[in-house]
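Right, one structure below, let's go through it.
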Amino acid sequence: MNHPIVEEKILAELTEVLAESRGGDCNRWTEEAVDFEEAEKLVYLKAALAETLRLYPSVPED
Numbered sequence: 293m294n295h296p297i298v299e300e301k302i303l304a305e306l307t308e309v310l311a312e313s314r315g316g317d318c319n320r321w322t323e324e325a326v327d328f329e330e331a332e333k334l335v336y337l338k339a340a341l342a343e344t345l346r347l348y349p350s351v352p353e354d
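So for the sequence shown, my numbering puts the first residue at 293; every next one is plus one.
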C-alpha cells in the first residue's frame, strides 16, 4: 500500500457506516454487499476510487 493514511481513513469510514447500518457485530458486515444507501455515505472511498481511476484509467486514451 502506497498510502497507509488513506487506507486507515477508508477503513474508519467503512467501519462507521457499516456499524451504523448493520450493528456492532463485524461478522455480519460481510454477509451481503454494500447497498446504495450505505454507498452514498462512503464519500472518502468514492473519492479515492475516482482519483485512482483518474491516474490509472480502465480504458486507454486514444
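C-beta: ideal position from N, C-alpha, C; glycine also.
Next on the checklist: Under DSSP, the alpha helix (DSSP H) around A325 begins and ends at which residues?
Outcome noted: Looking at the DSSP string, A325 is not in any alpha helix (DSSP H), and its letter there is neither H nor E.
Checklist entry - Rounded to a whole number of angstroms, what is the C-alpha to C-alpha distance between L337 and C318? => result 19 Å
Item to check | Nearest candidate by alpha-carbon position, reference E324, set K333, E332, L310, E305 | outcome: L310
Checklist entry - What is the residue span of the alpha helix (DSSP H) that P352 lies within? => result Premise fails: P352 is in no alpha helix (DSSP H) and is neither H nor E.
Item to check | Span of the alpha helix (DSSP H) around R314 | outcome: 296 to 314
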